[in-house]
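*Asks:* Chains as they are written, first to last, in the numbering used here: chain A, 15 to 402; chain B, 6 to 333.
No residue lacks a Cβ here, since even glycine has one placed at the ideal position from N, Cα and C.
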């Protein structure tokens, strides 16, 4: 990134032109027709922040259509499509507000992690089910005293003969209540500190000794959980990858998690309703706001795709990915506030514009918390600029 | 960047850094010698045969180095003159707006916002009745004006001046070029700010160690990145053809970045950045100027808003995402 000593050609964001796949338009049409077929109009508020809305039936339909695990080897139930073809499918699902929450984490993180670090047995056992839209995952990172400060993990794993014994507690675990497996980060070396001595484990959530308790969010919805581990016994092969390398493994593919289209599209259905409102009323302020949203969304799409294109070429543009997440979260968080500022709304009314604004006003604070808080991300960007 | 673009960038970078904001029109021959004005002309016409993406690289670097010469304007004017079948020679520039009328193939009225209009031999301008007109400056009365950075932004008054026409939307081309210049200047201000806060010590440590400073510059970096991606995106769209959406989006977004970037850039520099002696103002005063030139934020948001509203809500997403899809 910026290195003033390098003189005058520094650039904040290395841009590599991308080419969309030849089949992009056909893929979009496939996704749209699946949504028409499987997602009933129903509760409009469920279209907001839709990658945290669970609908296992829709996940199975996507699996059947070959739209989960798109880039994975066929040997594990994948479809060997390109990364940008997958990108097209994801952005279409998100822009339409389709309920993709059930399988989202397994498709984005759990199975890719197993394909990269897992044993052959782990891959065979779990990955095909993920691709089918039937197996769901969750991520066991945060703990009561380890949120943004993730290296403070205290939950422990100790060897006992041929088994691992897990003790401790995870918190803010999205979808633990519907997930079949967790990839959890545990301190496997007693007395180790910070990011040393940590290992990742694949934990079937029906293992005895695991207790999952809901944490109800401010809208009354149940997304995240506390997960307690009380002498949970796992076979030796529950270890994922290399013992003691958990930190490296857990942070290796953060770019995948940070720069995807879900980082700026969580409020897109509200943007679309705002366009509808502007079209039907002609209110100049609403028309201008539609233009502002279009300008920002278009730019973020360029940025997110630029990162996706570079990752498809085997690069790891970690800083650019961090920039996409921070900017994208700020945009999707600002959308409901700006709509509220510009349009006279009765938030108790059943109209989609009001319902979506009401829902997103309440859930959008989480956008700049989940997957790395705004402050942490900006610290990473600052370090990339050469500060610190 | 491909190999040719890397060479272009290296050449432009070295020359522009040397010229900088201290260049005068007497230095124009250096730009001419390199053939930059023919960047967007066909090779058959003696040009470089470059794409808008190539031109965007040069525009960005002109912005990065705050070059006080009409590099950007000459490149666009040459292309528009060629489109109009106008036999161009000498220095060309572009006008931001026209106030007057065309009668019998001749323009009478005023052209406003012409960079280095006083030195230009010909000028391309938005025609009062649509499209672009190209005309010679001989015989025009020059009213000298300057932008915030002291760059000429002249008004030329014409009486019965013969014109030739092109279909191109000059205002849109100007806006896309300014977006690239803003992107470059934002990166330059950011680089200066980062360099400054890493050097300058207060409370016994570099300012760059303070989280408040770090977080502010990270915000700036995100804005600069957005401006750069928008600038590349609009250049690619111009090369594809219809860029009405992208021009509006890119200039609006770049203007937002210019607003945030100038403010954080100055704040990071403290009082020294506010002095005439220090080299921040050649960049920030240009950024403030370019933010207004060829359309401000609200203008382009309104324009883009009318476009997407006309397309309808149900085609909003598909219309936008589909713009980069290859034809089926």
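Which residue spans inside the segment 275-357 of chain A form an unbroken alpha helix (DSSP H) run of at least 4?
*Replies:* The segment 275-357 of chain A contains these whole alpha helix (DSSP H) runs: 282-295, 298-326 and 332-356.
*Asks:* Would you mind reading off the limits of the alpha helix (DSSP H) that contains residue 101 (chain A)?
*Replies:* 97-110 is the extent of the alpha helix (DSSP H) around residue 101 (chain A).
*Asks:* What are the partner residues of residue 160 (chain B), as DSSP defines its beta bridges?
*Replies:* In DSSP, residue 160 (chain B) forms a bridge with B:148.
*Asks:* Candidates A:217, A:202 and A:219: which alpha carbon is nearest residue 211 (chain A)'s?
*Replies:* Considering only alpha carbons, the answer is A:202.
*Asks:* Please list, in chain order, the chain B residues whose beta carbon lies closer than 7 angstroms to that of residue 310 (chain A).
*Replies:* Going along chain B in sequence order, the residues near residue 310 (chain A) (Cβ under 7 angstroms) are 258.
*Asks:* At the level of alpha carbons, what is the spacing between residue 201 (chain B) and residue 92 (chain A)?
*Replies:* When rounded, the distance between both Cα atoms is 51 angstroms.
*Asks:* Can you pull the chain B residues whose beta carbon is under 7 angstroms from the beta carbon of residue 324 (chain A), in chain order?
*Replies:* Those within 7 angstroms of residue 324 (chain A) in chain B number zero; the least Cβ separation is about 13 angstroms.
*Asks:* According to DSSP, what are the bridge partners of residue 116 (chain B)?
*Replies:* DSSP lists B:103 and B:161 as partners of residue 116 (chain B).
*Asks:* From residue 279 (chain A) to residue 45 (chain A), what does the alpha carbon distance come to, in whole angstroms?
*Replies:* Approximately 16 angstroms, taken between the alpha carbons.
*Asks:* Using a beta-carbon distance below 9 angstroms, is residue 39 (chain B) in contact with chain A?
*Replies:* Answer no: the Cβ-Cβ gap between residue 39 (chain B) and chain A never drops below 9 angstroms.
*Asks:* What's the call for residue 192 (chain B), buried or exposed, on a 16-neighbour Cβ count within 10 Å?
*Replies:* The residue is buried, with at least 16 neighbouring Cβ atoms inside 10 Å.
*Asks:* Could you tell me if residue 261 (chain B) is buried or exposed, where buried requires 16 or more neighbouring beta carbons within 10 angstroms of its beta carbon?
*Replies:* Answer is buried; the Cβ neighbour count reaches 16.
*Asks:* Between the alpha carbons of residue 302 (chain A) and residue 293 (chain A), how many angstroms are there, rounded?
*Replies:* Computed Cα separation, rounded: 11 angstroms.
*Asks:* Of all the options A:63, A:389 and A:384, which has the alpha carbon lying nearest to the alpha carbon of residue 185 (chain A)?
*Replies:* When only C-alpha atoms are compared, the closest one is A:384.
*Asks:* Give a yes or no on whether the minimum CB-CB distance between residue 330 (chain A) and chain B is below 9 angstroms.
*Replies:* It does not: the Cβ of residue 330 (chain A) has no partner Cβ on chain B nearer than 9 angstroms.
*Asks:* Does the beta-carbon distance from residue 116 (chain B) to residue 160 (chain B) come in below 9 angstroms?
*Replies:* For residue 116 (chain B) and residue 160 (chain B), yes; Cβs fall inside 9 angstroms.
*Asks:* For residue 183 (chain A), which residues does DSSP report across the bridge?
*Replies:* In DSSP, residue 183 (chain A) forms a bridge with A:242.
*Asks:* Using DSSP bridges, identify the partner residues of residue 434 (chain A).
*Replies:* Since the displayed chain A opens at 15 and closes at 402, residue 434 (chain A) lies outside it and no answer follows.
*Asks:* As a quick exercise: from B:48, B:185 and B:136, pick the residue whose alpha carbon is nearest that of residue 296 (chain B).
*Replies:* That would be B:185, whose Cα lies nearest to the Cα of residue 296 (chain B).
*Asks:* If I'm right that residue 97 (chain B) touches residue 79 (chain B) with Cβ under 8 angstroms, what's the distance once you round it to whole angstroms?
*Replies:* Correct: roughly 5 angstroms between the Cβ atoms.
*Asks:* With a 10 Å radius around its C-beta and 16 neighbouring C-beta atoms as the bar for buried, classify residue 124 (chain B) as buried or exposed.
*Replies:* Result: buried.
*Asks:* Say whether chain A places a C-beta atom closer than 9 angstroms to the C-beta of residue 148 (chain B).
*Replies:* Chain A, which has no Cβ nearer than 9 angstroms to the Cβ of residue 148 (chain B), makes this no.
*Asks:* Quick one: Cα of residue 158 (chain A) to Cα of residue 182 (chain A), how far?
*Replies:* Spanning the two alpha carbons is a distance of roughly 10 angstroms.
*Asks:* Specify, as a first and last residue, the run of the beta strand (DSSP E) that residue 378 (chain A) falls within.
*Replies:* Segment: none, residue 378 (chain A) is in no beta strand (DSSP E) and carries neither H nor E.
*Asks:* Measuring only between beta-carbons, confirm whether residue 382 (chain A) sits less than 9 angstroms from chain B.
*Replies:* Output row for residue 382 (chain A): interface = no.
*Asks:* Hey, quick one: how far does the alpha helix (DSSP H) through residue 72 (chain A) stretch, first residue to last?
*Replies:* Here the alpha helix (DSSP H) through residue 72 (chain A) covers 70-78.
*Asks:* Looking at the structure shown, is residue 201 (chain A) part of a helix, part of a strand, or coil, going by DSSP?
*Replies:* Strand, per DSSP.
*Asks:* Starting from the N-terminal side, write out each stretch of the alpha helix (DSSP H) that is 4 residues or longer and does not extend beyond the segment 174-228 of chain B.
*Replies:* Listed in chain order, the complete alpha helix (DSSP H) runs (minimum 4 residues) inside the segment 174-228 of chain B are 175-204.
*Asks:* Under the rule that 16 or more other beta-carbon atoms within 10 Å means buried, what is residue 103 (chain B), buried or exposed?
*Replies:* So residue 103 (chain B) counts as buried.
*Asks:* If you draw a straight line from the C-alpha of residue 346 (chain A) to the C-alpha of residue 298 (chain A), how long is it?
*Replies:* Answer to the nearest angstrom: the Cα atoms are 22 angstroms apart.
*Asks:* Would you please verify whether the beta carbon of residue 163 (chain B) is less than 9 angstroms from any beta carbon of chain A?
*Replies:* No, residue 163 (chain B) lies away from the interface with chain A (no Cβ there is under 9 angstroms from its Cβ).
*Asks:* Output the distance between the C-alpha atoms of residue 327 (chain A) and residue 97 (chain A), rounded to the nearest integer angstrom.
*Replies:* Answer to the nearest angstrom: the Cα atoms are 9 angstroms apart.
*Asks:* Going straight from the alpha carbon of residue 10 (chain B) to that of residue 62 (chain B), what length do you get?
*Replies:* Rounded to whole angstroms, residue 10 (chain B) to residue 62 (chain B) spans 8 angstroms at the Cα level.
*Asks:* Using a Cβ-Cβ cutoff of 7 angstroms, what residues of the segment 167-196 of chain B are near chain A? List them in chain order.
*Replies:* Answer in chain order: 192, 195 and 196.
*Asks:* DSSP three-state call for residue 371 (chain A): helix, strand or coil?
*Replies:* Looking at residue 371 (chain A) - three-state DSSP - the assignment turns out to be helix.
*Asks:* Apart from the five residues on each side of it in sequence, which residues of its chain come closer than 6 angstroms, Cβ to Cβ, to residue 332 (chain A)?
*Replies:* Hits under 6 angstroms: 269.
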